[in-house]
Amino acid sequence: MDFRNYENCNDSVKELYKNQRINQTLTYVQRSLRKYCKFTRKNKFWDLFEKMSLKDLSDPDLDCENYYHLYQTAEAIRKDGHPEWMQLVGLIHDFGKILYLKGCKKDGTTEDTQWGIVGDTFIVGCCVPNTIVFPEFNKYVKGNFDRLGIYKKGFGLNNVYCSFGHDEYLYRLLKFNKVELPEEAYYMIRFHSLYLWHDKNEYEFLEDETDKKMKPFVKLFNKYDLYTKDNDNKNINQLKNYYQKLVKKFIPEYIYW
Ligand code: FE
Ligand code: FE
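When we follow the numbering used here, the leftmost residue of the sequence shown carries the number 564, and every step to the right adds one.
Structural data, given as structure tokens:
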């Protein structure tokens with residue numbers, strides 16, 4: 564199967580990417596971080612995980628509930644003998660999509676809008692490279708930024724603003740809940756949708772030493788995120804026991820979100 568082929572994709576995929584380019588401004592990103600990353604609600608992790616029934620509107624390869632994709636990613640990582648923390652990343656990397664449970668239409672954070680939750684991310688406040696999916700929509704990006712934009716060379720990915728969505732939201736949620744994971748895990752979570760960086764090798768001028776070290780790990784993770792996609796394999800019931808134990812080792816029973 565050929566993944567990430569956007570040529571004959573659904574109009575809804577296109578629409579999402581167009582809206583993302585139009586609306587994900589620096590102001591929007593900063594406002595969303597303030598609005599959505601307050602973490603004042605508290606629920607059982609597994610109750611929220613069950614709500615991962617959402618279908619990702621930006622994904623041309625998958626037409627099933629996100630839920631299955633998470634188990635498949637985790638399982639492939641486990642089969643290759645990677646450590647437990649990485650299996651956990653596989654299982655939860657898209658968990659930030661629970662954003663839709665507190666979203667609103669004008670922010671693109673509802674189940675039927677999603678441009679504030681999913682899709683490849685890009686760095687805002689500097690020029691969007693034409694190696695992005697649907698480069699024809701770059702003409703809608705507001706602000707006339709050059710390559711560095713508002714940033715300085717070697718600024719580090721931790722110090723720039725990415726378009727807002729499930730990556731950044733989950734990163735902040737886990738930090739807020741004091742979930743202890745290696746730095747590699749946090750990079751995989753925070754930048755897995757930044758294909759421009761880990762796949763197209765853009766933004767090298769912004770990288771710091773840590774980014775350079777972490778990039779191979781994000782690339783490694785991406786293999787599992789992408790090549791395990793399968794709309795048929797939905798046999799997850801016998802896996803639940805294993806993953807419940809795994810989650811328990813890292814994540815508190817109740818989490819703020
Ligand atoms: Fe994702
Ligand atoms: Fe994913």
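For glycine and all other residues, C-beta sits at the position ideal for the given N, C-alpha and C.
For residue i, which three-state DSSP category applies?
{"i": "residue 606", "result": "strand"}
{"i": "residue 714", "result": "coil"}
{"i": "residue 686", "result": "strand"}
{"i": "residue 817", "result": "strand"}
{"i": "residue 766", "result": "coil"}
{"i": "residue 724", "result": "strand"}
{"i": "residue 615", "result": "coil"}
{"i": "residue 737", "result": "helix"}
{"i": "residue 673", "result": "coil"}
{"i": "residue 626", "result": "coil"}
{"i": "residue 743", "result": "coil"}
{"i": "residue 656", "result": "coil"}
{"i": "residue 761", "result": "helix"}
{"i": "residue 780", "result": "helix"}
{"i": "residue 678", "result": "coil"}
{"i": "residue 567", "result": "coil"}
{"i": "residue 587", "result": "coil"}
{"i": "residue 601", "result": "coil"}
Leaving out five residues on either side along the sequence, give the residues of the same chain with a beta carbon under 7 Å from the beta carbon of residue i.
{"i": "residue 716", "result": "768"}
{"i": "residue 662", "result": "599, 672, 680, 729 and 732"}
{"i": "residue 747", "result": "777 and 780"}
{"i": "residue 835", "result": "The chain is shown from 564 up to 820; residue 835 falls before or after that span and cannot be answered."}
May I ask you to check if the CB of residue i is nearer than 7 Å to at least one heavy atom of ligand 3?
{"i": "residue 636", "result": "Because ligand 3 does not appear in the structure shown, any question about it cannot be addressed here, the ligands present being ligand 1 and ligand 2."}
As a quick exercise: from the options, pick the residue whose alpha carbon is nearest that of residue i.
{"i": "residue 750", "options": "734, 639, 742 and 628", "result": "734"}
{"i": "residue 793", "options": "747, 770, 702 and 626", "result": "626"}
{"i": "residue 880", "options": "629, 609 and 608", "result": "This structure leaves residue 880 out entirely; the chain is present only between 564 and 820."}
{"i": "residue 566", "options": "728, 799, 755 and 790", "result": "790"}
{"i": "residue 582", "options": "802, 770, 684 and 744", "result": "684"}
{"i": "residue 612", "options": "660, 723, 646 and 802", "result": "660"}
{"i": "residue 787", "options": "752, 818, 819 and 811", "result": "752"}
{"i": "residue 637", "options": "809, 737 and 814", "result": "809"}
{"i": "residue 782", "options": "814, 757, 668 and 806", "result": "757"}
{"i": "residue 614", "options": "674, 815 and 669", "result": "674"}
{"i": "residue 623", "options": "579, 711 and 646", "result": "579"}
{"i": "residue 721", "options": "711, 754, 745 and 701", "result": "754"}
{"i": "residue 668", "options": "723, 595 and 644", "result": "595"}
{"i": "residue 597", "options": "572, 727, 799 and 723", "result": "727"}
Give every residue of the same chain whose Cβ lies closer than 8 Å to the Cβ of residue i, excluding the five residues on either side of it in the sequence, and list them in chain order.
{"i": "residue 765", "result": "692, 694 and 759"}
{"i": "residue 817", "result": "605, 606, 607 and 608"}
{"i": "residue 819", "result": "602, 603, 604, 605, 736, 739 and 740"}
{"i": "residue 511", "result": "Past the edges of the chain, shown from 564 to 820, lies residue 511, and the structure says nothing about it."}
{"i": "residue 762", "result": "782 and 785"}
{"i": "residue 586", "result": "671, 678 and 679"}
{"i": "residue 635", "result": "791, 792, 793 and 796"}
{"i": "residue 618", "result": "625, 626, 627, 628 and 629"}
{"i": "residue 709", "result": "689 and 690"}
{"i": "residue 743", "result": "813"}
Apart from the five residues just before and just after residue i, which ones in its own chain have a Cβ nearer than 6 Å to its Cβ?
{"i": "residue 620", "result": "575, 579 and 677"}
{"i": "residue 713", "result": "688"}
(Q) Could you check whether the region 599-619 touches the region 705-724, counting it as contact only if at least three pairs of C-beta atoms, one from each stretch, sit closer than 8 Å? (A) Fewer than three Cβ pairs drawn from the region 599-619 and the region 705-724 lie within less than 8 Å of each other, which leaves the two stretches out of contact.
Q. For the 8 Å Cβ check, are there 3 or more pairs between the region 683-700 and the region 772-790?
A. No, the region 683-700 is not in contact with the region 772-790.
Q | Segment contact flag, the region 646-654 with the region 587-605, C-beta cutoff 8 Å, min 3 pairs | A | Three or more beta-carbon pairs separated by less than 8 Å are not found between the region 646-654 and the region 587-605, which leaves the two stretches without contact.
Q | Contact shell at 5 Å, judged by CB to any heavy atom of ligand 2, ordered along the chain | A | Listed by position along the chain, the residues with Cβ atoms less than 5 Å from a non-hydrogen atom of ligand 2 are 657 and 788.
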